[in-house]
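Enquirer:
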Amino acid sequence: MVKSTSTTGTTKKSWLKKGSWSPEEDQKLIAYINRYGIWNWAVTPKAAGLLRCGKSCRLRWMNYLRPGIKHGNLSQEEDETIINLHHQLGNRWSTIASRLPGRTDNEIKNHWHTHLKKHSFLQGNQAVDNENPSGDHQIDNNQTIEENKGSCGSTYEELQNLWDPELFPMEELYMVDDLGATYTDPGFLVSTSQWGFQENTDTTFASGYDVNDGLWDYLLMEANEESN
DNA sequence: AATGTCCTCAACCGCATGGGA
DNA sequence: TTCCCATGCGGTTGAGGACAT
Numbered sequence: 001m002v003k004s005t006s007t008t009g010t011t012k013k014s015w016l017k018k019g020s021w022s023p024e025e026d027q028k029l030i031a032y033i034n035r036y037g038i039w040n041w042a043v044t045p046k047a048a049g050l051l052r053c054g055k056s057c058r059l060r061w062m063n064y065l066r067p068g069i070k071h072g073n074l075s076q077e078e079d080e081t082i083i084n085l086h087h088q089l090g091n092r093w094s095t096i097a098s099r100l101p102g103r104t105d106n107e108i109k110n111h112w113h114t115h116l117k118k119h120s121f122l123q124g125n126q127a128v129d130n131e132n133p134s135g136d137h138q139i140d141n142n143q144t145i146e147e148n149k150g151s152c153g154s155t156y157e158e159l160q161n162l163w164d165p166e167l168f169p170m171e172e173l174y175m176v177d178d179l180g181a182t183y184t185d186p187g188f189l190v191s192t193s194q195w196g197f198q199e200n201t202d203t204t205f206a207s208g209y210d211v212n213d214g215l216w217d218y219l220l221m222e223a224n225e226e227s228n
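Counting with my numbering, you get residues 1 to 228 for the letters of the first sequence.
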């Protein structure tokens with residue numbers, strides 16, 4: 001029986017190997033998946049001849065070995081996308097990763113903590129300081145939607161007051177949640193009780209946080225561009 | 001060159017979720 | 001409806017490299 005080479009604490013199954021993966025282990029996993037595919041992570045390590053748990057194999061495959069994974073530094077575009085999405089979604093790394101082809105949630109999470117967190121924090125503070133030293137940045141109904149970008153409101157009515165019906169007819173608005181579901185029911189839209197206008201370089205859109213049931217579900221509301 | 005400190009990122013852990021029995 | 005198991009997710013850890021002294 002092979003002793004654990006764990007470098008991180010104890011393990012329930014001492015024969016399981018832990019820590020960094022060797023090139024030989026990578027090859028075994030790749031060869032097995034290429035031949036048999038992914039059908040059950042629990043049996044994969046044994047079948048592939050690996051002294052790893054299924055979870056470890058899955059993580060290694062998903063974050064490093066699977067085809068299409070990009071290795072290396074993230075581009076400035078990717079950085080900006082992560083900052084924007086994190087502003088909208090918070091620490092929902094898998095959702096953010098799904099919008100960056102070839103990047104994994106783990107990579108984005110690490111990158112955020114090591115590179116982008118400070119940057120984003122400083123930028124956020126600077127924006128608040130410049131526009132509103134009190135830090136209380138609320139929607140101003142006397143301003144246009146453009147002037148209110150980056151602001152937070154509290155009611156659907158505020159949004160209605162600001163939205164330009166000529167440009168984006170209210171009846172043609174729809175919401176898309178982060179799973180891709182589309183909502184057009186006005187009642188559903190009205191039930192969303194907090195609204196904010198986001199900075200966005202390409203399109204004008206607003207985001208809402210559905211606080212029904214105590215859940216802070218992110219919802220993206222955007223004008224149906226095809227209707228314009 | 002040796003040592004200490006900081007930083008990065010791969011990997012682990014615990015919990016949540018979803019599907020099937 | 002409940003339980004069990006596999007998978008997914010996000011927070012955290014720690015090895016190792018980079019850099020400073």
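Note that beta-carbon positions come from the ideal geometry of N, C-alpha and C, so glycine has one too. Keep in mind it's a predicted model, so treat the numbers as computed, not measured.
Going by the beta-carbon positions, is the gap between residue 96 and residue 111 smaller than 8 Å?
Expert: Their beta carbons are not under 8 Å apart, which means residue 96 does not touch residue 111 by this criterion.
Enquirer: Do you know offhand how far residue 102's Cα is from residue 66's?
Expert: Straight-line Cα distance between these residues: approximately 10 Å.
Enquirer: When the Cα of residue 18 is compared with those of 56, 70, 61, which residue comes out closest?
Expert: The residue with the shortest Cα to Cα distance from residue 18 is 56.
Enquirer: Mark residue 88 as exposed unless 16 or more other C-beta atoms lie within 10 angstroms of its C-beta, in which case mark it buried.
Expert: The residue in question, residue 88, is buried, as its Cβ has 16 or more Cβ neighbours within 10 Å.
Enquirer: State buried or exposed for residue 61, treating a residue as buried only when at least 16 other CB atoms are found within 10 Å of its CB.
Expert: Its Cβ being crowded by 16 or more others within 10 Å, residue 61 is buried.
Enquirer: Within a Cβ cutoff of 8 Å, which residues of the same chain sit near residue 36, ignoring the five residues on either side of it in sequence?
Expert: Here the set comprises 47.
Enquirer: Pull up the distance between the alpha-carbon of residue 50 and that of residue 34, whole angstroms please.
Expert: Approximately 15 Å between the Cα atoms of the pair.
Enquirer: What's the C-alpha gap between residue 74 and residue 94?
Expert: The alpha-carbon atoms of residue 74 and residue 94 are separated by roughly 16 Å.
Enquirer: Could you tell me if residue 38 is buried or exposed, where buried requires 16 or more neighbouring beta carbons within 10 angstroms of its beta carbon?
Expert: Its Cβ having fewer than 16 others within 10 Å, residue 38 is exposed.
Enquirer: Can you name the start and end residues of the alpha helix (DSSP H) that residue 64 belongs to?
Expert: Element bounds for residue 64: n/a, residue is neither H nor E.
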